[in-house]
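The block underneath contains the structure these notes are about, expressed in structure tokens.
Protein chains: 6
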Amino acid sequence: MSRIDGRTPEQLRPVTIERGWSKHAEGSVLISFGDTKVFCTASVTEGVPRWRKGSGEGWVTAEYSMLPRSTNTRGDRESVRGKIGGRTHEISRLIGRSLRAVIDYKALGENTIVLDCDVLQADGGTRTAAVTGAYVALADAVAWAQTKKIVKAGRKPLVGTVAAVSVGIVDGVPLLDLCYEEDVRAETDMNVVCTGDGRFVEVQGTAEAEPFDRKELNALLDLASGGCADLTAIQTQALAGTL
Amino acid sequence: MSRIDGRTPEQLRPVTIERGWSKHAEGSVLISFGDTKVFCTASVTEGVPRWRKGSGEGWVTAEYSMLPRSTNTRGDRESVRGKIGGRTHEISRLIGRSLRAVIDYKALGENTIVLDCDVLQADGGTRTAAVTGAYVALADAVAWAQTKKIVKAGRKPLVGTVAAVSVGIVDGVPLLDLCYEEDVRAETDMNVVCTGDGRFVEVQGTAEAEPFDRKELNALLDLASGGCADLTAIQTQALAGTL
Amino acid sequence: MSRIDGRTPEQLRPVTIERGWSKHAEGSVLISFGDTKVFCTASVTEGVPRWRKGSGEGWVTAEYSMLPRSTNTRGDRESVRGKIGGRTHEISRLIGRSLRAVIDYKALGENTIVLDCDVLQADGGTRTAAVTGAYVALADAVAWAQTKKIVKAGRKPLVGTVAAVSVGIVDGVPLLDLCYEEDVRAETDMNVVCTGDGRFVEVQGTAEAEPFDRKELNALLDLASGGCADLTAIQTQALAGTL
Amino acid sequence: MSRIDGRTPEQLRPVTIERGWSKHAEGSVLISFGDTKVFCTASVTEGVPRWRKGSGEGWVTAEYSMLPRSTNTRGDRESVRGKIGGRTHEISRLIGRSLRAVIDYKALGENTIVLDCDVLQADGGTRTAAVTGAYVALADAVAWAQTKKIVKAGRKPLVGTVAAVSVGIVDGVPLLDLCYEEDVRAETDMNVVCTGDGRFVEVQGTAEAEPFDRKELNALLDLASGGCADLTAIQTQALAGTL
Amino acid sequence: MSRIDGRTPEQLRPVTIERGWSKHAEGSVLISFGDTKVFCTASVTEGVPRWRKGSGEGWVTAEYSMLPRSTNTRGDRESVRGKIGGRTHEISRLIGRSLRAVIDYKALGENTIVLDCDVLQADGGTRTAAVTGAYVALADAVAWAQTKKIVKAGRKPLVGTVAAVSVGIVDGVPLLDLCYEEDVRAETDMNVVCTGDGRFVEVQGTAEAEPFDRKELNALLDLASGGCADLTAIQTQALAGTL
Amino acid sequence: MSRIDGRTPEQLRPVTIERGWSKHAEGSVLISFGDTKVFCTASVTEGVPRWRKGSGEGWVTAEYSMLPRSTNTRGDRESVRGKIGGRTHEISRLIGRSLRAVIDYKALGENTIVLDCDVLQADGGTRTAAVTGAYVALADAVAWAQTKKIVKAGRKPLVGTVAAVSVGIVDGVPLLDLCYEEDVRAETDMNVVCTGDGRFVEVQGTAEAEPFDRKELNALLDLASGGCADLTAIQTQALAGTL
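Rendered as structure tokens:
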């Protein structure tokens, strides 16, 4: 059985990562997972939020947002509605936690890096593309901060790599990296964030229709681990300039 | 090695469930997991949100909130700040999804049930206590709606049971049902929602410090499955009036 | 003529006061006036709001709120609506003023006590139960602050006691402590806050239907004074541990 | 002992009422109580709020606001802060209740009258000036609605008159109609709303410093009744065009 | 062809400027352009916004608002809606920029002047009346600050005068100072702010129906320049006390 | 004297227009004016806002926004702050008015087109690039609606073309299409929107430092007319597919 777009169950969509997409940001990436396109910028500022002052430690946080017409039907702008929806909050928090998992706050020193992940076009997997792209923007921003001596010489704030992918069960078959059409039909949906050494940072699985059993969960985790490993390789190539 | 409160790693805190705590709500429960106390009410209204009208299907949703002094230090009221925080949104959405997993919308008919979960005292595991207590309030509300013929005769909107528990790794040891002090020290934190037949509705694991490997993940899932089974038994007793 | 619940016109509903209902708050009380149940916590923090800094004086303030399903029909959460309604504001201000009437700011020193009054179940008289219960929570919090030397030795921040009750004219008869059903039918509704020595802190009378004359006003004030005296006795017993 | 501005204790400040101050509003009044100036407009619209539709009854409501520099120090605009303060809410509600006390909803029919009371200059007593001026604007608006046949022929929506005044105890002396300087120094502050026949619509007394006893309360009520009677006479003259 | 109110195309409506309309504000003016009435106050405070501290320079800003019933149909209060509309923002910014054009920040020193322009009655041209009136209030406030030595001796913060007028093309004829009825029918609408020496501070022209050509633009600019010169003369008289 | 980037005073920056940048929107364009990049989408929906229902006429509106790191220093998200700033409102309104100038509402029928203009990278002239790009997106959306028969056969909702450019006086020299660095230094700043036949839709000139005289205004209008003509040619090529 082949998928809507002809992929095998364990195959990622074509992934592209363009670095340096903004002339202003210290790190910036346009990442695509098939038709999903997310623009990720990393902004470095000296200083930390008030509750962290004097700790000698830095901070990394993220904000996720969708452009109103990134989806098939135009959505209201959250700035116009005057409040941020639960889904936006949830994904922003997920991205922030994921990136903080590979940051050494002490090495970063009292500096803050904000990741902005704006979805320009959505076709499923926007949060996982955002995590994967934001990591590359973060790496560029950290390198910039090292060059500018904002991070002290010899210190390495980045202690690993991180990538994310969605998996799900569609018509009983576990699939990697769901596009929107597959996502809508999935009985179970899971987002997994892994480090480059294959360990888990986040595992978020949700039964959309039927609850799932341990065997299905294991199949999904296997798929996701493989997908994250592939994404890690692509990130490495992007940062090496060989993508 | 024993825990702060003398429990074994795979032991729940004392759980109490008091039904009928409100004279107004169609279902209401005061649940405690040790010192964590959550007041759950289920409110039945005829009709559904606009986007669901004419579908013949019902809706179940939830709102979670903490009283300002449910925690050790008083927090600002979200009504005073004028907006709901990301954590509140995230937990409200989790509770709603968990309960919808055991609802047959068709059988419910065009009726809405809103679960309010207000934390009166927090000591870790507020979201899992909320899911577990809300299920009992929901069951009472569904029974009420059946008695009142709001749900048509012979229909069973409730197609299963659902309970939730937290697990985590503290000092390298996987523990069930973390209290606040353990939660703060946990390297990995996971919330798991299971149905009564042992399947998963939600699995949300987060590395707070070090990423976790597959073996640790498996150990946590084992612990959580056992904890949810224990909670299911307690819910059953509570609903049978034998708790 | 007897009342709905068999009381005489000048009789309070059964009043219960449970102290120490929260393990976190410096003072906490679950008070009930019949079926009206309000959870009151008193939170002590060192320091005062900015506008009071350097004055050597403390501050006491209050926030009142109703749980969404504390009433017969579920109300929207003010945190979800994003703003606090006029009634909530008005009652919060009333509670704060009432308690400040028995506080010696100098003796309190630059410390702040916040009273949170959350209505768990409403059946009329929520604001008067809140004032009456909050006073007991405040007394416990002040005693705690004295023990912890947050209040300087020998100082007595609490200079009196305060209690509140509603009165109203129903079918031409002045009644004490209206339950919801009486409140709805009242032609005139009055909330009175008295100190333990029988003086007035607040008198708020409103003609719901017909304006009231001086004679009716006098009858209501007499009833209220008696009711407050009864409540003062109950508060004293609660604080003495003899309730 | 004479007052700051030479008045006797039971004397009102000079009161002026200018009708027809707006060419747009159905009723409009610029009222002054000494240096306190409030601009009151009454806007008639056909139809009622949703919750009242089909009842055959009308509705009257009010909104109070202070211009930012109506006071000695400029205050923030509530529109800029994005929320309405508790005091504003409380006063808007008081004005609305006061006017509704003299309205026959049935006679008004399904029409709505909104009173806007904007304080142009504040010197104490803004809420009482607002009630007193709003009544005159309301009377003009009702007359307009009768002329335009929006109110059915022969119906009299206005069933009485209403006026309000502040009283307070300053240095132990009960005073009528406090200006700002007196208000700040008052030990007790009371706002009283009376109908033209001398009955009470609202009595709101607050101990600002010391609680007050029944004797003081009686003295204040006597003063207020006299003051309201004087204001009723002035309103009558204004409406007769003989002021 | 004569206009609705009998004016010639290049004629202003009757303009009145009453100074000293508030006893609190450092400068205050009630200005009318025909039936348009705007109350302008200038509030002086020592100090500047945070972003300007230490610069040695002052700041001038403005807030514009319409009373709910300043228009023919009552509008919602922006404070009640909880947000400021685009038009209000736009006009507030225009007034601020216009006045800052004649301020020497260095001479003003680290002081702030806030202009509040509240429309009491609207009949077209509210923003131009606001600019013209606010200038007079500003001049009075600057003079006050000089007298009080808040502005250092010998310094002149006010380096020119500023006035504003609307122009438009109605039925093909360029007209000065449109009233509401003309404004609604205008094909092109332009607001022009000039200094007393005839130069432009703001030119804002909008095609409401048909785009306009260069010749029409020139005719409108000629009209506006003449109108502003007339207003400058009236402002000068008002400040000289000879109006 | 040559400009920062070597342009002559009357020269535009390099302009690129890429159509079809979104797979979801009915019209979409990525436009760049030098380093300024704006993503414009046009969303067609059947139906109109409530106030326009039954009129037989359509509606066109626009929303402008800047990504947080589109500028040199990261700005707060308006969705996070909970309100839209004045500048955003002002520009959104300008874009909407500009496009409505070339729309025949009757021909559009009761359909709505929303233009979203999101600035990905800012270097001066974001609002003029937005108008110019949005026109192309609008043209594509109208063509789509004609193809889909949402616009009735034979009807032409688009009655002209529209483009916008900024001009300003820098060091006394009038310059076309200011980049950020020039914009900051400009004494006078003007945004001009023209139709393809050379008439004006909007003229917004502001003296940033010195007021400007009629001669300077004329020079700026000449420059802007030329610049808009050049942009019109580029738009035409883009729509013809020959850019």
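In the order they appear, the protein sequences are chains X, G, U, P, R and B.
The first sequence: position 22 = 22 (the UniProt record's numbering), numbered continuously.
The second sequence: position 149 = 149 (the UniProt record's numbering), numbered continuously.
The third sequence: position 166 = 166 (the UniProt record's numbering), numbered continuously.
The fourth sequence: position 171 = 171 (the UniProt record's numbering), numbered continuously.
The fifth sequence: position 165 = 165 (the UniProt record's numbering), numbered continuously.
The sixth sequence: position 161 = 161 (the UniProt record's numbering), numbered continuously.
C-beta: ideal position from N, C-alpha, C; glycine also.
Given the structure is predicted, the values throughout are model-derived calculations rather than measurements.
Distance between beta carbons of Glu182(R) and Val168(R), contact taken as under 8 Å: The residue given as residue 168(R) occupies position 168 in the fifth sequence. The residue given as residue 182(R) occupies position 182 in the fifth sequence. The sequence given here places Gly at residue 168(R); Val does not occur at that position. Indeed they touch by this definition, with Cβ atoms about 7 Å apart.
Closer than 8 Å to chain P by CB, Val60(R): Locating residue 60(R) in the fifth sequence gives position 60, counting from the first residue. Val60(R) does not count as touching chain P.
For Cys228(X), name the three-state secondary structure that DSSP assigns. Residue numbering aside, residue 228(X) sits at position 228 when the first sequence is read from its first letter. Reduced to three states, the DSSP call for Cys228(X) is helix.
Leaving out the 5 sequence neighbours to the left and right, which residues in its chain are closer than 8 Å to Val48(U) when beta-carbon positions are compared? Looking up residue 48(U) in the third sequence gives position 48. For Val48(U), where only same-chain residues beyond five positions count, the Cβ hits under 8 Å are Ser55, Glu57, Gly58, Trp59, Glu110, Asn111, Thr112.
Per-residue contacts from Leu120(R) into chain P (C-beta, under 9 Å): As a working note, residue 120(R) is residue 120 in the fifth sequence. In chain order: Trp21, Ser22, Phe39, Asp118, Leu120.
Taking the alpha carbon of Ala137(X) as the reference point, which residue from Ile150(X), Thr126(X), Val162(X) has its own alpha carbon closest? By 1-based counting over the first sequence, the position of residue 137(X) is 137. Closest by alpha carbon: Val162(X).
Three or more C-beta pairs below 8 Å linking the region 185 to 200 of chain R and the region 216 to 229 of chain R: yes
Can you tell me where the alpha helix (DSSP H) with Asp140(X) in it begins and where it stops? Within the first sequence, residue 140(X) is the residue found at index 140, counting from 1. Counting along the chain, the alpha helix (DSSP H) containing Asp140(X) begins and ends at 126 to 147.
Run through the DSSP bridge pairs and tell me what Gly205(B) is partnered with. Position 205 of the sixth sequence holds residue 205(B). DSSP lists Val203(R), Met190(B) as partners of Gly205(B).
Please confirm if the region 123 to 133 of chain X is in contact with the region 33 to 42 of chain X, defined as three or more CB-CB distances below 8 Å between the two stretches. yes
Within 8 Å, strictly: CB atoms of Val102(P) and Val159(P): Against the fourth sequence, residue 102(P) aligns to sequence position 102. Against the fourth sequence, residue 159(P) aligns to sequence position 159. Yes, the pair counts as a contact, with Cβ atoms nearer than the cut-off.
Going by C-alpha distance, which of Ser22(P), Pro9(P), Phe33(P), Arg74(P) is nearest His24(R)? Numbered from its first residue, the fifth sequence carries residue 24(R) at position 24. His24(R) has its Cα closest to that of Arg74(P), out of Ser22(P), Pro9(P), Phe33(P), Arg74(P).
Name the chain B residues that come within less than 7 Å of Ala25(X), Cβ to Cβ? Along the first sequence, one-based indexing puts residue 25(X) at 25. Going along chain B in sequence order, the residues near Ala25(X) (Cβ under 7 Å) are Arg69.
Is there a C-beta anywhere in chain G that falls below 8 Å from the one on residue 262(X)? Residue 262(X) is absent from the model: chain X starts at 1 and stops at 243.
For chain B, find out if any of its Cβ atoms is closer than 8 Å to the Cβ of Thr195(R); answer yes or no. To locate residue 195(R), count along the fifth sequence from 1; it is residue 195. It does: the Cβ of Thr195(R) has a partner Cβ on chain B nearer than 8 Å.
Compare the C-beta of Lys83(X) with all C-beta atoms of chain G and state if any pair is closer than 8 Å. Looking up residue 83(X) in the first sequence gives position 83. Output row for Lys83(X): interface = yes.
Would you mind stating whether Leu115(U) and Ala153(U) have Cβ atoms separated by less than 8 Å? Position 115 of the third sequence holds residue 115(U). Position 153 of the third sequence holds residue 153(U). The answer is no: Cβ separation not under 8 Å.
In this structure, does DSSP put Thr73(B) in helix, strand or coil? Here residue 73(B) corresponds to residue number 73 of the sixth sequence, with the count starting at 1. Here Thr73(B) sits in coil by DSSP.
For Glu202(B) and Gly205(R), which I take to be in contact (beta-carbon distance under 8 Å), what is that distance rounded to the nearest angstrom? By 1-based counting over the sixth sequence, the position of residue 202(B) is 202. By 1-based counting over the fifth sequence, the position of residue 205(R) is 205. The pair is a contact, with the Cβ atoms about 7 Å apart (cut-off 8 Å).
So Asp123(X) and Cys179(X) are supposed to be a Cβ contact under 8 Å. How far apart are they, rounded? Against the first sequence, residue 123(X) aligns to sequence position 123. Against the first sequence, residue 179(X) aligns to sequence position 179. Yes, Asp123(X) and Cys179(X) are in contact; Cβ-Cβ is about 5 Å, under 8 Å.
Using a Cβ-Cβ distance cut-off of 8 Å, determine whether Asn191(R) contacts chain P. The residue labelled residue 191(R) in the question sits at position 191 within the fifth sequence. By this cut-off, Asn191(R) is not an interface position.
Please confirm whether Ser225(G) has its beta-carbon closer than 8 Å to some beta-carbon of chain U. For this step, residue 225(G) is matched to residue 225 along the second sequence. Chain U, which has no Cβ nearer than 8 Å to the Cβ of Ser225(G), makes this no.
As a quick exercise: from Leu120(G), Leu217(G), Arg127(G), Asp213(G), pick the residue whose alpha carbon is nearest that of Ser88(G). Taking the first residue of the second sequence as 1, we reach residue 88(G) at position 88. What sits at residue 88(G) in the sequence shown is Thr, not Ser. Cα-wise, what sits closest to Thr88(G) is Arg127(G).
Beta-carbon contacts of Ser28(P) that lie in its chain and below 8 Å, excluding the five residues immediately before and after: Within the fourth sequence, numbered from 1, the residue matching residue 28(P) stands at position 28. Here the set comprises Arg19, Gly20, Trp21, Ser22, Phe39, Cys40, Thr41, Ala42, Ala137, Asp140.
Check the Cβ of Glu78(B) against every Cβ in chain X and list those closer than 8 Å, keeping chain order. Here residue 78(B) refers to the residue found at position 78 when the sixth sequence is read from its first residue. Going along chain X in sequence order, the residues near Glu78(B) (Cβ under 8 Å) are Ser79.
Classify Gly6(P): buried if its beta carbon has 16 or more other beta carbons within 10 angstroms, exposed otherwise. Mapped onto the fourth sequence, residue 6(P) falls at position 6. That one is exposed.
Any C-beta of chain X sitting closer than 8 Å to the C-beta of Arg74(B)? Within the sixth sequence, numbered from 1, the residue matching residue 74(B) stands at position 74. Yes, Arg74(B) counts as interfacial toward chain X.
Counting C-beta neighbours from all protein chains within 10 Å, is the total for residue 252(B) 16 or more, i.e. buried, or is it exposed? In the structure as shown, chain B starts at 1 and stops at 243, and residue 252(B) therefore has no counterpart that could be examined.
Residues of chain G with CB closer than 7 Å to the CB of Pro211(X), please, in chain order. On the first sequence, residue 211(X) is found 211 positions in, with the first residue counted as 1. By Cβ distance, chain G contributes Ala101, Thr195, Arg199, Phe200, Val201.
Terminal residues of the beta strand (DSSP E) in which Ile95(P) lies: Here the question's residue 95(P) lines up with position 95 in the fourth sequence. Not the beta strand (DSSP E): Ile95(P) falls in the alpha helix (DSSP H), residues 86 to 100.
Since Leu12(P) meets chain U, which of its residues come closer than 8 Å, beta carbon to beta carbon? Taking the fourth sequence and counting its residues from 1, the one referred to as residue 12(P) is at position 12. Those within 8 Å of Leu12(P) in chain U number zero; the least Cβ separation is about 21 Å.
Check whether chain P comes within 8 Å of Glu90(U), counting only Cβ atoms and requiring the distance to be less than that. Taking the first residue of the third sequence as 1, we reach residue 90(U) at position 90. Closer than 8 Å: yes.
Using a cut-off of 9 Å between C-beta atoms, extract the partners of Gly86(G) located in chain X. Here residue 86(G) refers to the residue found at position 86 of the second sequence. Those within 9 Å of Gly86(G) in chain X are Ile84, Gly86, Thr88, His89, Glu90, Ser92, Arg93.
Thinking C-beta only, is Asp177(U) closer than 8 Å to Phe33(U)? Within the third sequence, the letter at position 33 stands for residue 33(U). Within the third sequence, the letter at position 177 stands for residue 177(U). It is a contact, given that the beta carbons lie within the stated cut-off.
Can you check whether the CB of Asp213(U) is closer than 8 Å to the CB of Arg199(P)? The residue given as residue 199(P) occupies position 199 in the fourth sequence. The residue given as residue 213(U) occupies position 213 in the third sequence. For Arg199(P) and Asp213(U), yes; Cβs fall inside 8 Å.
Kindly say whether Ser32(P), judged by its beta-carbon, lies nearer than 8 Å to any beta-carbon of chain R. Taking the fourth sequence and counting its residues from 1, one reaches residue 32(P) at position 32. Judged by the 8 Å Cβ criterion, Ser32(P) is not in contact with chain R.
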